[in-house]
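Visitor:
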Amino acid sequence: MSNIWVSFFKPTGLFEGSFNRFASWWTGGDFCHCELVFEIKPEILMECVKNRYATIKNDPEERKLKISRTLEKMFFESKENRTLLQKSDTVFLSFSLVWGDELRLRMLMNVQDPWYSTPVNEFEDLTWKKLSNIDEKFIKKGLQWSLQEICKPYNTSAAMFSWIPSFTNDNIVPKESYFCSEFTAMVLIHMAYLKPMSVTDCTPNSLWKVINTRETALENMKEEEPVETFVDTSSSEEED
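For the sequence shown, our numbering assigns the number 353 to the initial residue and increments by one for each residue that follows.
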């Protein structure tokens, strides 16, 4: 069974620094960074990777080689990752957007390191949130969409102004760049977990609140009636 997690990092340890502490305080919460994590069956993951290889030809010339090398290093050249894919029932794949970098992939495992660990271990630096009620087909859809966006740059200017409310629902289509919580929210909308919403003003702390509200609603309605599934149909570029 596949699952979706979101990891929320505090401005300590890995993200220790005055700017991150200020950012978490300014946006009204404990967190300065978040990541989307797929707990996925290896066969589903590799099917999506195969599909991503087939679409590289459609990417800009300057990104084709970078995307190809990223996939090769992650899924074929890394002995540790190959072992996980061959011997695990499910693997954990994190999509990471860090200030000044680009959208990268990272396989997680059961180690005593908050950056590489799965949710099985607890650390003071981060909090894990497991999301409920996401159908397997939507998880696969979200993974395929996420893989299409790898190697795109971090949007520094958008992140700087993400605390300013926009009060609009963004058109959830691929962008040229992202910041961490914007990307995570967009994928959760594609997976029908969240309603269409403004993602340009989605900070890690506001996303934390949205997810907790959603999870509370799911819990309260579990014994009553099925929870509404939110499907965004604004993008014609999505692939099933």
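By construction, the Cβ of each residue, glycine as well, lies at the ideal position given by its N, Cα and C atoms.
My guess is that Ile356 and Leu483 are in contact by the Cβ rule of under 8 Å, so how many angstroms apart are they, rounded?
Guide: Counted from its first residue, the sequence shown places residue 356 at position 4. Counted from its first residue, the sequence shown places residue 483 at position 131. Confirmed, Cβ separation roughly 5 Å.
Visitor: Would the segment 395 to 406 count as touching the segment 455 to 469 if we require 3 or more Cβ pairs under 8 Å?
Guide: No: the two stretches stay apart, fewer than three of their Cβ pairs being nearer than 8 Å.
Visitor: Applying the 10 Å Cβ sphere with the 16-neighbour rule, what's the burial state of Trp560?
Guide: As a position in the sequence shown, residue 560 is number 208, starting the count at 1. With 16 or more Cβ atoms within 10 Å of its Cβ, Trp560 is classed as buried.
Visitor: For the segment 397 to 426, list the alpha helix (DSSP H) runs that are entirely contained and at least 4 residues long, ordered along the chain.
Guide: For the segment 397 to 426, whole alpha helix (DSSP H) runs of length 4 or above, ordered along the chain, are 413 to 424.
Visitor: Alpha carbon to alpha carbon, what distance is there between Phe475 and Leu366?
Guide: Here the question's residue 366 lines up with position 14 in the sequence shown. Here the question's residue 475 lines up with position 123 in the sequence shown. Using only the alpha carbons, I get a separation of about 11 Å.
Visitor: Need the endpoints of the beta strand (DSSP E) that Leu388 sits in, please.
Guide: Locating residue 388 in the sequence shown gives position 36, counting from the first residue. Where Leu388 is concerned, the enclosing beta strand (DSSP E) stretches over His385 to Ile392.
Visitor: Assuming the contact rule is C-beta atoms closer than 8 Å, Trp378 and Trp515 should be a hit. Round their C-beta distance to whole Å, please.
Guide: To locate residue 378, count along the sequence shown from 1; it is residue 26. To locate residue 515, count along the sequence shown from 1; it is residue 163. About 6 Å; that satisfies the 8 Å criterion.
Visitor: Determine, for Val539, whether the minimum Cβ-Cβ distance to residues of chain D falls below 8 Å.
Guide: Of the chains in the structure shown, none is chain D; there is only one protein chain.
Visitor: Which residues in the same chain have their Cβ closer than 7 Å to the Cβ of Asn372, if we skip the five residues on either side of it in sequence?
Guide: In the sequence shown, residue 372 corresponds to position 20, counting from 1. Taken in chain order, the residues that qualify are Pro363 and Cys384.
Visitor: Flag this pair as yes or no: are the beta carbons of Leu457 and Phe447 separated by less than 8 Å?
Guide: Taking the first residue of the sequence shown as position 1, residue 457 is located at position 105. Taking the first residue of the sequence shown as position 1, residue 447 is located at position 95. Yes, these two residues count as a Cβ contact at 8 Å.
Visitor: State the CB to CB distance for the pair Lys493 and His542, rounded to an integer number of angstroms; the pair is presumed to be in contact (CB under 8 Å).
Guide: On the sequence shown, position 141 is the one that residue 493 refers to. On the sequence shown, position 190 is the one that residue 542 refers to. Between His542 and Lys493 the Cβ distance is about 6 Å, and since that is below 8 Å, they are a contact.
Visitor: Could you check if Asn433 is buried or exposed, using at least 16 other CB atoms within 10 Å of its CB as the buried criterion?
Guide: Against the sequence shown, residue 433 aligns to sequence position 81. It is buried - the Cβ of Asn433 has at least 16 other Cβ atoms within 10 Å.
Visitor: Name the two residues that bound the continuous beta strand (DSSP E) containing Lys362.
Guide: Residue mapping note: residue 362 aligns to position 10 of the sequence shown, counting from 1. Looking at the DSSP string, Lys362 is not in any beta strand (DSSP E), and its letter there is neither H nor E.
Visitor: Return the CA-CA distance between Asn499 and Cys532, expressed in angstroms with no decimal places.
Guide: Stepping through the sequence shown from its first residue, residue 499 is reached at position 147. Stepping through the sequence shown from its first residue, residue 532 is reached at position 180. Asn is not the amino acid found at residue 499; the sequence shown has Leu there. Looking at the two C-alpha atoms, the distance is approximately 15 Å.
Visitor: Based on Cα-Cα distance, which residue from Val551, Ala510, Met512 and Lys431 lies nearest to Ile524?
Guide: The sequence position of residue 524 within the sequence shown is 172, counting from 1. The shortest Cα separation from Ile524 among Val551, Ala510, Met512 and Lys431 belongs to Val551.
Visitor: Label Arg421 either buried or exposed according to how many other C-beta atoms from any shown protein chain fall within 10 Å of its C-beta, with 16 as the threshold for buried.
Guide: Residue mapping note: residue 421 aligns to position 69 of the sequence shown, counting from 1. Classification of Arg421: exposed, given that the 10 Å Cβ count is below 16.
Visitor: Report the start-end ranges of each beta strand (DSSP E) in the segment 422 to 492 that is 3 residues or longer and not cut off at the edges.
Guide: You should have 443 to 448, 456 to 460 and 478 to 483.
Visitor: Classify Met512: buried if its beta carbon has 16 or more other beta carbons within 10 angstroms, exposed otherwise.
Guide: Translated into positions along the sequence shown, residue 512 becomes position 160. So Met512 counts as exposed.
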